[in-house]
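Remarks on the structure that follows.
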Amino acid sequence: MKRAGASLALALVASAACAGCSRSAVPSAPQADAAPRPVALVAPDAAPASADTASAEAGSPEPSSIAADASVEAGATPTPPPPTHGVYLGRKLARPMSHLGAAWLDRAGRDAVQRPSHVLDVAGVRAGARVCDFGAGSGYFTVHLARRVGPTGRVFAVDLQPEMLTLLRQKLTREGLSNVTPVLAKASEPSLPAASVDLVLMVDVYHELERPDLTMAQLRAALAPGGRVVWVEYRAEDPNVSIKPDHKMSLAQIRREAAAVGYRITQVDESLPQQRIVVLAP
Ligand SMILES: C[S@@+](CC[C@H](N)C(=O)[O-])C[C@H]1O[C@@H](n2cnc3c(N)ncnc32)[C@H](O)[C@@H]1O
């Protein structure tokens with residue numbers, strides 16, 4: 098574990114730029130923001146996204162293209178092989194985005210393409226909820242979550258980089274928010290107590306996990322009964338999304354990785370211009 102932490106620290110230092118941006122080191126307004134939303138998007142080797150939503154609403158199982166679903170429904174928790182040489186289930190892992198690119202997270206115009214209120218609607222965030230902003234960065238979503246859950250709720254803002262949490266604390270002070278607990282994560286170690294949260298939101302984070310298998314198992318333990326995890330990821334299928342390939346995910350890969358750790362996809366929302374919102378139940 099120490100070796101994993103050290104390699105991650107090295108990666109963070111080396112990754113001084115915004116890791117997700119394809120054009121310049123720390124872009125202020127990446128071209129991706131201006132890209133038009135595809136009219137209809139269907140993953141090449143998967144059912145249309147709308148099929149997920151429909152099956153979730155009807156309470157029917159996931160499409161049969163997810164091989165591991167049988168074991169999920171049988172109550173077993175699959176254990177996928179760990180990443181090898183930076184590759185996990187056929188996907189090259191991305192390096193975490195450095196805090197030196199944090200300005201990109203608070204870029205002008207992000208609200209229009211990110212639609213944070215819609216993301217929280219799909220995630221089902223309500224007043225009084227206990228939620229985790231996992232990979233919170235400088236706190237863009239933390240602020241929206243804190244306002245939504247209100248004074249009777251709580252937000253745990255988790256990040257690997259102390260510098261990100263410093264920026265996040267400054268933001269919370271500016272916004273006058275006191276219902277947030279910043280948590281400094283260690284790679285591959287649990288950040289939250291058992292059964293402590295109703296929701297874990299991961300915006301543009303899942304693809305950066307050094308050990309997706311371990312982290313998703315830890316988050317399963319952190320979820321209260323009925324809890325869920327929400328991934329928001331840039332669409333790999335869309336060439337107009339101008340983000341480095343390692344920082345995008347296809348729906349087929351999302352299905353593969355969710356099934357591999359025994360999570361069931363209950364909803365896929367495709368209404369954001371560049372990202373898809375995936376709701377997962379353990
Ligand atoms: C691209 S940023 C997104 C930040 C934020 N979610 C947002 O949308 O503004 C990804 C963040 O995830 C954090 N991260 C990556 N792997 C992590 C891990 N295993 N545990 C906690 N944070 C992690 C990085 O340090 C970085 O701050």
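Numbering (our numbering), first residue to last: 98 to 379.
We put the beta carbon where it would ideally sit given N, CA and C, even for glycine.
Taking all protein chains shown into account, do 16 or more other C-beta atoms lie within 10 angstroms of the C-beta of residue i, making it buried, or fewer, making it exposed?
i: G232; result: buried
i: C368; result: In the sequence as displayed, the identity of residue 368 is Ser instead of Cys. Flag for S368 reads exposed.
i: A318; result: exposed
i: Q371; result: buried
i: G236; result: buried
i: A209; result: exposed
i: K345; result: buried
i: Q416; result: Look at the range of the chain in this structure, 98 to 379, and you will see that residue 416 is not part of it.
i: P290; result: exposed
i: T174; result: exposed
i: D295; result: buried
i: D203; result: exposed
Quick one: grab the DSSP three-state call for residue i.
i: V297; result: strand
i: A153; result: Its pLDDT being 31, under 50, A153 is placed unreliably by the model, and the measurement read from it follows with that caveat. It is helical.
i: E330; result: strand
i: G198; result: helix
i: L264; result: helix
i: D230; result: strand
i: L242; result: helix
i: R192; result: coil
i: T176; result: coil
i: R212; result: coil
i: R352; result: helix
i: V381; result: Lying before the first or after the last residue shown, residue 381 is absent from the chain, which here runs from 98 to 379.
i: R325; result: strand
i: L269; result: helix
i: L380; result: The structure shown does not extend to residue 380, since the chain is modelled only from 98 through 379, so no value can be given for it.
i: L369; result: coil
Just to confirm the assignment, what range does the alpha helix (DSSP H) spanning residue i have?
i: E307; result: Per DSSP, E307 belongs to no alpha helix (DSSP H) and is neither H nor E.
i: R251; result: From DSSP, R251 is part of no alpha helix (DSSP H) but of the beta strand (DSSP E) over R251 to D256.
i: V365; result: Note, V365: premise wrong, no alpha helix (DSSP H); beta strand (DSSP E) at R361 to D366.
i: Q372; result: Element bounds for Q372: not the alpha helix (DSSP H) but the beta strand (DSSP E), Q372 to A378.
i: V338; result: Taken as a continuous stretch (DSSP letters only), V338 belongs to no alpha helix (DSSP H), as it is neither H nor E.
At which residues does the beta strand (DSSP E) containing residue i begin and terminate?
i: T278; result: V277 to L281
Legend entry - Three or more C-beta pairs below 8 Å linking the region 268–284 and the region 210–222: The region 268–284 vs the region 210–222: no contact.
Legend entry - Touch test, the region 178–187 against the region 257–265, Cβ-Cβ under 8 Å, three pairs minimum: no
Inset, instruction - Spell out a yes or no on whether the region 327–339 and the region 266–282 are touching, meaning 3 or more CB-CB pairs, one atom from each, closer than 8 Å. - result: no
Legend entry - Contact the region 353–369 vs the region 237–248: 3+ CB pairs below 8 Å: At 8 Å Cβ cutoff, the stretches do not touch.
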